[in-house]
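Chemist: Before I ask anything, here is the structure I am working with.
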Amino acid sequence: MVTSMKLLILYYSGTGNTEFACIVASIVAERSGHEVTMKTFAKADEISLDDYDAYCFATPLQAWQPTKNVERFIKAMPSLDGKVAFLLSSSGGQPSQTAPLMTRWLNKKGIAVTGHHDLQSPDSWPVSRRFSHKLDQERPGVESVRELADFTRRMLDMQVAFLSGEQVVLPRHRVRPTPLFLLSRVERLPKGHPNLVMGKKKIIESDCTQCGICEKDCPAGAIRLDPYPVFSKECIACWRCINCCPEDCITTRMSSQYHYKGMPKKDELLEKAGLQ
Ligand SMILES: Cc1cc2nc3c(=O)[nH]c(=O)nc-3n(C[C@H](O)[C@H](O)[C@H](O)COP(=O)(O)O)c2cc1C
């Protein structure tokens, strides 16, 4: 009978919401006696995926689906037959078919999926910030953190049972070819995709200090300083450069006045939810 697992939490987070969800999950898992490693997908080559018993895969939502870099990673990773994972996501409120899609990709790698939870962060979706600017700083709140913690406990119990050879009822997901789903999949095809979905990026050179934060933070390695930021076709339109620039000097015609600088009061939320 398995009692303690080696859990690997793999995530990408553009503005910190998904990372926050992973921190909550890791605190809960550690308190439950499991050994936890948290890694971004970009740094997963520093470890051997096979060394772990169980996994958590976490992604933000972009255009009603997991981000492009997360999809690429899962599809390219080796099979992990007999392993078990749960899924986390963070969205502006429309996780759409993230769970069926990721479950399908992971099942193809031999991984059983025990469940999915979405941490809703409506304040950080550029679409709503641009068109309604309807800020909702109350979410995620303490209640959502508690729900996430409860979900993690359930997932850990299921993973332990699964690895102990007990019968575990896994949720059944089916990808539905709805118009929105088809639109989201097609949206990624055009070559000029980043410019299409976020507008052409421009640098206000007089404000840029060439600090290199955007270059270092870009999850797709699509930025180089020459001497100001230059964007390559590897850009996945995640808005991270715009959100992480301390001088607000990267702009697009789509959203520039509404930079999301990350979820406020993270420590306070953890404390109020009894996780610190
Ligand atoms: C380019 C882009 C597209 C997005 N598309 C969606 C979407 O289709 N549905 C949704 O609910 N949220 C969407 N969002 C909102 C993000 O999923 C949400 O802000 C999430 O919390 C970001 O997580 P992160 O802070 O870990 O990057 C989008 C955000 C960006 C930047």
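Its first residue numbered 166, the sequence shown is counted upward by one per residue in the working numbering. Yeah, the Cβ is synthetic: ideal placement off N, Cα and C, and Gly gets one too.
If you reduce the DSSP assignment to three classes, tell me which class lysine 367 lands in.
Modeler: strand
Chemist: Across the stretch 311-320 and the stretch 192-209, are there enough close Cβ pairs to call them in contact, namely three or more that are closer than 8 Å?
Modeler: yes
Chemist: Just reading off the alpha helix (DSSP H) that alanine 326 is part of, what are its end residues?
Modeler: Its alpha helix (DSSP H) spans residues 307-328.
Chemist: Any heavy atom of ligand 1 closer than 8 Å to the beta-carbon of tyrosine 217?
Modeler: Because no heavy atom of ligand 1 lies under 8 Å away, the Cβ of tyrosine 217 does not count as near it: no.
Chemist: For phenylalanine 238, which residues of its own chain have a beta-carbon under 6 Å away from its beta-carbon, when the five flanking residues on both sides are left out?
Modeler: Excluding residues within five positions, the ones whose Cβ falls inside 6 Å are Phe206.
Chemist: Under DSSP, the alpha helix (DSSP H) around threonine 183 begins and ends at which residues?
Modeler: 182-196
Chemist: State yes or no: is the C-beta of methionine 363 nearer than 8 Å to some heavy atom of ligand 1?
Modeler: yes
Chemist: Rounded to whole angstroms, what's the CA-CA distance from valine 167 to leucine 328? Just pull it up for me.
Modeler: 7 Å
Chemist: If you follow the beta strand (DSSP E) that cysteine 221 is part of, which residue opens it and which one closes it?
Modeler: 219-227
Chemist: Going by DSSP, what residue range makes up the alpha helix (DSSP H) through glutamate 352?
Modeler: 344-352
Chemist: Tell me which residues share the same chain as threonine 268 and place their Cβ nearer than 6 Å to its Cβ, disregarding the 5 neighbours each side in the sequence.
Modeler: Val278, His338
Chemist: Output the distance between the C-alpha atoms of cysteine 409 and isoleucine 378, rounded to the nearest integer angstrom.
Modeler: Rounded to whole angstroms, cysteine 409 to isoleucine 378 spans 7 Å at the Cα level.
Chemist: Would you say the beta carbon of proline 225 is closer than 8 Å to some non-hydrogen atom of ligand 1?
Modeler: Residue side-chain check: proline 225 places its Cβ nearer than 8 Å to a non-hydrogen atom of ligand 1.
Chemist: Is the distance from the Cβ of methionine 320 to the Cβ of lysine 274 below 9 Å?
Modeler: no
Chemist: Any heavy atom of ligand 1 closer than 8 Å to the Cβ of serine 197?
Modeler: no
Chemist: Determine whether the beta carbon atoms of tryptophan 270 and glutamate 308 lie at a separation below 9 Å.
Modeler: Their beta carbons are not under 9 Å apart, which means tryptophan 270 does not touch glutamate 308 by this criterion.
Chemist: Kindly confirm or deny that the stretch 393-401 and the stretch 204-224 touch, where touching means at least three C-beta pairs closer than 8 Å.
Modeler: no
Chemist: Taking 8 Å as the line, does the beta carbon of alanine 190 fall inside it for any heavy atom of ligand 1?
Modeler: no
Chemist: Excluding five sequence neighbours on each side, which residues of the same chain lie with their C-beta closer than 6 Å to the C-beta of threonine 417?
Modeler: Met363, Gly364, Lys366
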